[in-house]
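Novice: Residue numbers for the sequence shown follow UniProt numbering, beginning at 1 and rising by one.
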Amino acid sequence: MIFYFSATGNTLWAAQQLSEKTGERLVFIPDAMEGQCHYTLAAGERIGFCFPVHAWRPPVLVRRFIERLSFTNAEGHYCFALCTAGDTTGESMRIFRQALAQRPLHLDAVFSLLMPESYVGLPFMDVDTIEKEREKKHQAQIHLATIVTQIIEAQRVEKEPNVGRWPRINSRVIGELFERKLVSDKAFRVETNRCVRCGICAEVCPTADIDGGKGQEPTWKHNGSCLTCFACYHHCPQHAIEFGRQTKKKGQYWYGRNQL
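As structure tokens, then:
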């Protein structure tokens, strides 16, 4: 069983590859949150978690899911986590391990994949160039093949990957400040003259934070559920969604976009 969260498709691609190669079923965390979050495992079934890194931390939604998650028979089942990041991961896996221990579950292995950048909410951050995007995808595919082997062989991997130079400062100080100040839908708006009312933004929002649909101009609910994952921004076919002034003239990215 692989629990995953993805907004722009990087983690979805990784989770689908893992599911295909290991035979584990996929569970989308936002869908799981609508139920009781309690599971009974089959004999030999693995427990996996796949998620993107948000501000050098596991996403808020993923941590909320872990608070509710429970199993009838988790003891003795191999447990792993894989995160995707545009750059470094900081202490994301350490934070996730600590959250998981409250269930209680022990991570046998931790992995990370560097994938194309999708966070555009700060002035100095933009999507990768096409060349860099392709190279990251190529390297991720090679790395993921090794990860699949390690999971199938139930290898223990304790070392946190791609943590960067200042993992504690990034995750505990900057990450906490980021969550308090920048994880919000208040800055999102739509350029009416470009919006074609296709409803895609509302459809792709993983927390259902957007009121709208086909024939309607989107509005954000401001109910505290937004993750600033930028799924709405990146998937808009008319580039009609902006995040304040921070996204002016910036690019869009979702996995598979440049293959179309």
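No residue lacks a Cβ here, since even glycine has one placed at the ideal position from N, Cα and C.
1) Just the Cα atoms here: how many angstroms apart are Gly121 and Phe243?
2) Label Phe124 either buried or exposed according to how many other C-beta atoms from any shown protein chain fall within 10 Å of its C-beta, with 16 as the threshold for buried.
3) So, helix, strand or coil for Phe51, using DSSP?
4) Identify whether His235 lies in helix, strand or coil by the three-state DSSP scheme.
5) Taking Gln216 as the reference, which of Ser225, His234 and Val190 has the closest Cα?
6) Residues in the same chain with beta-carbon distance under 6 Å from residue 263, minus the five sequence neighbours each way, listed in chain order, please.
7) Can you list, in chain order, the residues of its chain with a C-beta nearer than 8 Å to that of Leu18? Leave out the 5 residues immediately preceding and following it.
8) Under the assumption that Gly9 contacts Trp254 (Cβ atoms under 8 Å), give the Cβ distance between them as a whole number of angstroms.
9) Keeping to the same chain, check which residues put their C-beta closer than 8 Å to that of Gln139; ignore five residues upstream and five downstream.
10) Nearest to Pro206 by alpha carbon, out of Phe230, Val183, Phe188 and Val157?
11) Contact check, Asp185 vs Asp211 under 8 Å by CB: the rounded distance?
12) Would you give the residue range spanned by the beta strand (DSSP E) that Ser19 belongs to?
13) Report back the beta-carbon spacing between Gln246 and His234 to the nearest angstrom; my notes put them in contact at under 8 Å.
14) Which term fits Asp31, buried or exposed, when burial requires 16 or more other beta carbons within 10 angstroms of its beta carbon?
15) Give, in chain order, every unbroken run of the alpha helix (DSSP H) that is at least 4 residues long and sits entirely within the region 31-78.
16) Go through the UniProt domain "4Fe-4S ferredoxin-type" (186-215) residue by residue and report every complete run of the alpha helix (DSSP H) that reaches 4 residues or more, in order.
17) Do the CB positions of Ser171 and Arg63 come within less than 7 Å of each other?
18) Exposed or buried, Gly175, counting other C-beta atoms within 10 Å across all chains shown (16 or more means buried)?
19) Hey, how far is the Cα of residue 262 from the Cα of Val204?
20) By Cβ distance, which residues of its chain are closer than 7 Å to Ser92, with the 5 residues on each side in sequence left out?
21) If we ignore side chains and look at the alpha-carbon of each, how far apart do Val163 and Thr89 end up?
22) Just grab the DSSP bridge partners of Tyr4 for me.
23) So Val183 and Leu227 are in contact, right, with Cβ under 8 Å, and what is the actual spacing, rounded?
24) Would Phe65 and Ile95 qualify as a contact pair, given that the criterion is a beta-carbon distance under 7 Å?
25) Going by DSSP, name the residue or residues bridged to Cys83.
Specialist: In short:
1) For the purposes of this step, residue 121 is taken as residue 121 along the sequence shown, with counting starting at 1. For the purposes of this step, residue 243 is taken as residue 243 along the sequence shown, with counting starting at 1. Approximately 7 Å, taken between the alpha carbons.
2) Position 124 of the sequence shown holds residue 124. Exposed is the call here.
3) Residue numbering aside, residue 51 sits at position 51 when the sequence shown is read from its first letter. Note: Phe51 maps to strand in three-state DSSP.
4) Here residue 235 corresponds to residue number 235 of the sequence shown, with the count starting at 1. DSSP places His235 in helix when its eight states are reduced to three.
5) For the purposes of this step, residue 216 is identified with residue 216 of the sequence shown, where counting begins at 1. The shortest C-alpha separation from Gln216 is found at Val190.
6) Any property of residue 263 remains undetermined from this structure, which presents the chain solely from 1 to 260.
7) Walking along the sequence shown from the start, residue 18 turns up at place 18. Excluding positions up to five away in sequence, the list reads Ile2, Glu24, Gly48, Cys50, Leu82, Leu144, Ile147, Val148 and Ile151.
8) As a first step, residue 9 is located in the sequence shown; it is residue number 9 there, counting from the start. As a first step, residue 254 is located in the sequence shown; it is residue number 254 there, counting from the start. Confirmed, Cβ separation roughly 5 Å.
9) On the sequence shown, residue 139 is found 139 positions in, with the first residue counted as 1. Contacts found: Leu114.
10) Locating residue 206 in the sequence shown gives position 206, counting from the first residue. Selected option, being the one with the closest Cα: Phe230.
11) Mapped onto the sequence shown, residue 185 falls at position 185. Mapped onto the sequence shown, residue 211 falls at position 211. Incorrect: roughly 11 Å between the Cβ atoms, too far for contact.
12) Taking the first residue of the sequence shown as 1, we reach residue 19 at position 19. No beta strand (DSSP E) contains Ser19, which is instead part of the alpha helix (DSSP H) from Asn10 to Thr22.
13) Translated into the one-based positions of the sequence shown, residue 246 becomes position 246. Translated into the one-based positions of the sequence shown, residue 234 becomes position 234. Wrong, their Cβ atoms sit about 14 Å apart, outside the cutoff.
14) As a working mapping, residue 31 is identified with position 31 in the sequence shown. Classification for Asp31: exposed.
15) 60-68
16) 200-204
17) On the sequence shown, residue 171 is found 171 positions in, with the first residue counted as 1. On the sequence shown, residue 63 is found 63 positions in, with the first residue counted as 1. In this structure, Arg63 does not lie closer than 7 Å to Ser171 by Cβ.
18) Along the sequence shown, read from residue 1 onward, the residue named residue 175 stands at position 175. Burial call: buried.
19) As shown, the chain starts at 1 and ends at 260. That puts residue 262 outside it, with no answer to give.
20) Looking up residue 92 in the sequence shown gives position 92. Answer for Ser92: Val53, Trp56, Arg57, Pro58, Cys83 and Ser171, listed in chain order.
21) For the purposes of this step, residue 163 is taken as the residue at position 163 of the sequence shown. For the purposes of this step, residue 89 is taken as the residue at position 89 of the sequence shown. Near 5 Å, if we compare the C-alpha coordinates of Thr89 and Val163.
22) If you number the sequence shown from 1, residue 4 lands on position 4. In DSSP, Tyr4 forms a bridge with Phe28 and Cys50.
23) By one-based count along the sequence shown, residue 183 stands at place 183. By one-based count along the sequence shown, residue 227 stands at place 227. The Cβ separation is near 6 Å, so the contact holds.
24) By one-based count along the sequence shown, residue 65 stands at place 65. By one-based count along the sequence shown, residue 95 stands at place 95. No, Cβ-Cβ distance for Phe65 and Ile95 is not below 7 Å.
25) Locating residue 83 in the sequence shown gives position 83, where the first residue counts as 1. Phe51 and Ser112, per the DSSP bridge assignment.
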